[in-house]
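S.K.:
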Amino acid sequence: MYMAYKHIHLLMVVLSVSFLLIRFAMSLKLAALLQHKFFKIAPHVIDTLLLLSAVMLMLTLQQYPFVNAWLTEKFIAVLAYIALAVMAFRGRTAFIRWLCFLGALGWLGLALRVAISKQPVFLPLA
């Protein structure tokens, strides 16, 4: 089951990031399309499946945030990514939206680095 959960998780990561990039690009030129029901519901479904697949991987591997430093850091980075991605569409000014979008990509980069290396960047190893 581990490989199935891992592949689902990786697919959800790709979908989440792809959807963020597409929606943000659309918000710059085709904002009216973002009002379509699909674009309002899909990100929530994708991010929910992303988090559920992460929980299934944690349970399968018996590695948990606040026990394993690298997983704690990845968990915080993913939450920050999702929060800033949401803010990238709700910001009052274009500057705030761009800042949140770039911040989301930065947190995503941290989450990817930690996921690949299994070593925390900011949290102590102990």
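Residue numbering for the sequence shown is 0 to 125, as defined by numbering that gives the first Met the number 0.
All C-beta atoms, glycine included, are put in the ideal place defined by N, C-alpha and C.
All values reported here derive from a predicted model rather than from experimental measurement.
Between S26, I95, L48, which has its C-alpha nearest F38's C-alpha?
M.R.: As a position in the sequence shown, residue 38 is number 39, starting the count at 1. For the residues S26, I95, L48, the minimum Cα distance to F38 belongs to S26.
S.K.: Mind checking K73: buried by the 16 CB within 10 Å criterion, or exposed?
M.R.: Taking the first residue of the sequence shown as 1, we reach residue 73 at position 74. Classification for K73: buried.
S.K.: At a cut of 8 Å, does the segment 84-94 reach the segment 57-64 through at least three beta carbon pairs?
M.R.: Too few Cβ pairs lie closer than 8 Å, so no.
S.K.: Taking P119 as the reference, give the member of I75, W97, V16 with the closest Cα.
M.R.: Residue mapping note: residue 119 aligns to position 120 of the sequence shown, counting from 1. Looking at the Cα atoms, I75 is the closest of the given residues.
S.K.: What's the gap between the Cα of A24 and the Cα of G105?
M.R.: What you label residue 24 is simply residue 25 of the sequence shown in a count that begins at 1. What you label residue 105 is simply residue 106 of the sequence shown in a count that begins at 1. Using only the alpha carbons, I get a separation of about 17 Å.
S.K.: To the nearest angstrom, how far is it from the Cα of F18 to the Cα of L9?
M.R.: As a working note, residue 18 is residue 19 in the sequence shown. As a working note, residue 9 is residue 10 in the sequence shown. C-alpha separation (whole angstroms): 14 Å.
S.K.: Since P123 and A68 are thought to touch, with beta carbons under 8 Å apart, how far apart are those beta carbons, to the nearest angstrom?
M.R.: Counting from one through the sequence shown, the residue named residue 123 turns up at place 124. Counting from one through the sequence shown, the residue named residue 68 turns up at place 69. Yes, P123 and A68 are in contact; Cβ-Cβ is about 7 Å, under 8 Å.
S.K.: Check each candidate in I115, F121, Y80, K117 and name the one with the smallest Cα separation from G102.
M.R.: What you label residue 102 is simply residue 103 of the sequence shown in a count that begins at 1. Cα-wise, what sits closest to G102 is Y80.
S.K.: Leaving out the 5 sequence neighbours to the left and right, which residues in its chain are closer than 6 Å to A114 when beta-carbon positions are compared?
M.R.: Locating residue 114 in the sequence shown gives position 115, where the first residue counts as 1. Cβ within range, chain order: K73.
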